[in-house]
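Now the structure itself:
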């Protein structure tokens, strides 16, 4: 059983794995030495060992997870993945909502186990035996879920940027795969997806970064470019299907997207880089990526640059328009614009803000630091036409965040409007009402189409 260690403490998120001895009715804590969160636990067939996925909490709420083996007889807990720079608790940013089992690691037999991990924007498949962990598969895709067939085969539910979903039988010994089910086969017989182009580049300080370009599905020699920024910030874009990006490409927009510092799947140091530094390297990372894309793909029109994003991506969108005038238009969704007010109005603000901004609002200088990191503080610099989209039931980034920014930029004469989606929570883009999911993308396209170029 997995449960909170101190459920009455609203600021303690420690979660351990416990095992019940059915003879004595006594519980034993298998992960007492971990100060973080256990995400999954699976007992071996003989009942002697437990496969555990979790983190030690050493880097707060953004600590990268590991796979552990707990020996019930000795009480020993051994990290199996300490040498890997991959994350067995994936955080892919996408809108193609699925319902995985949550089983992050599974036993093959009494000795061997398999697990997946996110690495540089895609999934990897590993096998371990309690001593050695070996990479089995490294294809550019997301392994959304899996189940064990026998000691040499698993069934994988996989997704790629140009393939929404497949069920495949994967043979562990040789890596061969056979498609079992393609639920979109009939659609794919008559439709063509946009195909991604992955590229890497160096940021202004030499940090290597990864990005993707989804070309517009058009015969036009030049196309507008849409820079899209993911939420989180501890999530990652990558090799998984993103419905909205395909729609934008089908409507003539080339979509570029990157994993700036703070993103997952690149190791702990990469995630840590944004802590206390929002709007610094992360902002320069996405701007550098856009510059590289414009130079690398000549069909992208530098006079028609657009930016969009949700949650942290909304923060970055509103931050960007306060710091550059390069965009013809922007769409900010479910944004964070004021860290001070978010602290007391968000369902997570009282712990998320101190963890991410590396300081409490009530520390000495805290109010000043929170304000300097807030896009609202730079609203007077905004000239880019901006549309704000927000769900009225959003408790994560309350709608007041968009209301504050909208009021500020309108006061300064900016071409701006705001659309409120009823009965919509923070996840309106991926699990909201179907009609509003469609409407939201239409609202974005309409705004971009209405602002065809940067006005000097």
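Residue numbers (this note's numbering): 6 to 461.
Every residue, glycine too, gets a C-beta built ideally from N, C-alpha and C.
**Study point:** Residue from 137, 147, 340 and 81 whose Cα sits closest to the Cα of residue 105
**Key:** Among 137, 147, 340 and 81, the Cα nearest to that of residue 105 is on 147.
Exercise for review: Whole angstroms is fine: what's the gap from residue 270's alpha carbon to residue 93's?
Suggested key: Each residue's alpha carbon lies about 9 Å from the other.
**Study point:** Contact belief for residue 462 with residue 278 at Cβ below 8 Å, rounded distance in angstroms
**Key:** Because the chain is modelled from 6 through 461, residue 462 falls outside the range shown and cannot be assessed.
Exercise for review: Can you tell me which of 414, 155 and 449 puts its alpha carbon nearest to the alpha carbon of residue 424?
Suggested key: Considering only alpha carbons, the answer is 449.
Practice item. Note the first and the last residue of the continuous alpha helix (DSSP H) segment covering residue 451. Key: Going by DSSP, residue 451 is part of the alpha helix (DSSP H) stretching over 439 to 454.
Check your understanding: Given residue 90, which residues of its chain have a CB within under 6 Å of its CB, disregarding the five upstream and five downstream residues?
Key -> Taken in chain order, the residues that qualify are 272.
Practice item. Would you kindly work out how many angstroms separate the C-alpha atoms of residue 395 and residue 229, rounded to a whole number? Key: Across the structure, residue 395 and residue 229 are spaced so that their CA atoms are roughly 25 Å apart.
Practice item. Determine the extent of the beta strand (DSSP E) in which residue 161 is found, giving its start and end residues. Key: From DSSP, the beta strand (DSSP E) with residue 161 extends over 158 to 165.
Check your understanding: So what's residue 32 in DSSP terms, helix, strand or just coil?
Key -> Taken through DSSP and simplified to helix, strand or coil, residue 32 comes out as strand.
Review point. Do residue 354 and residue 364 come within 8 Å of each other at the CB atom, strictly closer than that value?
Key: Going by C-beta atoms, residue 364 is not nearer than 8 Å to residue 354.
Review point. When the Cα of residue 421 is compared with those of 437, 384, 440 and 438, which residue comes out closest?
Key: Closest option to residue 421, Cα to Cα, is 384.
Check your understanding: How about residue 262 and residue 217: are their beta carbons less than 8 Å apart?
Key -> In contact: residue 262 and residue 217 (Cβ atoms closer than 8 Å).
Review point. Along the chain, where does the alpha helix (DSSP H) that runs through residue 253 open and close?
Key: 248 to 255 is the extent of the alpha helix (DSSP H) around residue 253.
Practice item. Determine the direct distance from the alpha carbon of residue 256 to that of residue 98, and round the result to whole angstroms. Key: When rounded, the separation of the alpha-carbon atoms in residue 98 and residue 256 is 22 Å.
Practice item. For my contact list, residue 344 and residue 288 are in at a C-beta cut-off of 8 Å; report their separation, rounded to the angstrom. Key: Incorrect: roughly 15 Å between the Cβ atoms, too far for contact.
Check your understanding: Where does residue 19 sit, in a helix, a strand or coil, going by DSSP?
Key -> Coil, per DSSP.
**Study point:** Nearest-angstrom Cβ-Cβ length linking residue 398 and residue 428, presumed shorter than 8 Å
**Key:** At roughly 6 Å, the Cβ-Cβ gap stays under 8 Å, so residue 398 and residue 428 are in contact.
Check your understanding: By Cβ distance below 7 Å, which residues in the same chain neighbour residue 115 in space, the five residues on each side in sequence not counted?
Key -> For residue 115, where only same-chain residues beyond five positions count, the Cβ hits under 7 Å are 49, 50 and 51.
**Study point:** Beta-carbon proximity list for residue 461, same chain, < 7 Å, skipping 5 on both sides
**Key:** Caution applies to residue 461, whose pLDDT of 47 falls short of 50 and renders its modelled position unreliable; the model cannot decide the point.
**Study point:** alpha helix (DSSP H) segments (min. 4 residues) lying fully within the segment 388 to 439
**Key:** With a minimum length of 4 residues, the continuous alpha helix (DSSP H) runs that stay inside the segment 388 to 439 are 405 to 416 and 433 to 436.
Review point. How would you call residue 11, buried or exposed, if buried means at least 16 neighbouring beta carbons within 10 angstroms?
Key: Per the 10 Å Cβ criterion, exposed.
**Study point:** residue 385: first and last residue of the uninterrupted alpha helix (DSSP H) it sits in
**Key:** Per DSSP, residue 385 belongs to no alpha helix (DSSP H) and is neither H nor E.
Exercise for review: Could you check if residue 196 is buried or exposed, using at least 16 other CB atoms within 10 Å of its CB as the buried criterion?
Suggested key: Residue environment for residue 196: exposed (fewer than 16 other C-beta atoms within 10 angstroms of its C-beta).
Check your understanding: Which residue or residues does DSSP assign as beta-bridge partners of residue 207?
Key -> Answer is 213.
Practice item. Report all residues from its chain with a CB closer than 7 Å to the CB of residue 139; omit the five preceding and five following residues, and keep chain order. Key: The answer, listed in chain order, is 131 and 132.
Practice item. Would you mind giving the Cβ-Cβ distance between residue 20 and residue 8, rounded to the nearest angstrom? I have them listed as a contact below 8 Å. Key: Contact holds; Cβ gap of about 7 Å.
Check your understanding: Which whole runs of the alpha helix (DSSP H) in the segment 234 to 300 are 4 residues long or more, in chain order?
Key -> Listed in chain order, they are 248 to 255 and 273 to 277.
Exercise for review: Can you check DSSP and say which residues form a bridge with residue 142?
Suggested key: For residue 142, which the question treats as bridged, DSSP gives the partners 130.
Practice item. Return the first residue and the last residue of the beta strand (DSSP E) that residue 358 is part of. Key: Run containing residue 358: none in the beta strand (DSSP E); it sits in the alpha helix (DSSP H), 354 to 362.
Practice item. Take residue 362 as the anchor and find which of 42, 437, 267 and 443 has the nearest alpha-carbon. Key: For the residues 42, 437, 267 and 443, the minimum Cα distance to residue 362 belongs to 267.
Review point. If we call anything under 8 Å between Cβ atoms a contact, is residue 76 one with residue 60?
Key: Taking 8 Å as the Cβ cut-off, residue 76 and residue 60 do not qualify as a contacting pair.
Check your understanding: Taking Cβ positions, are residue 380 and residue 329 nearer each other than 8 Å?
Key -> For residue 380 and residue 329, no; Cβs fall outside 8 Å.
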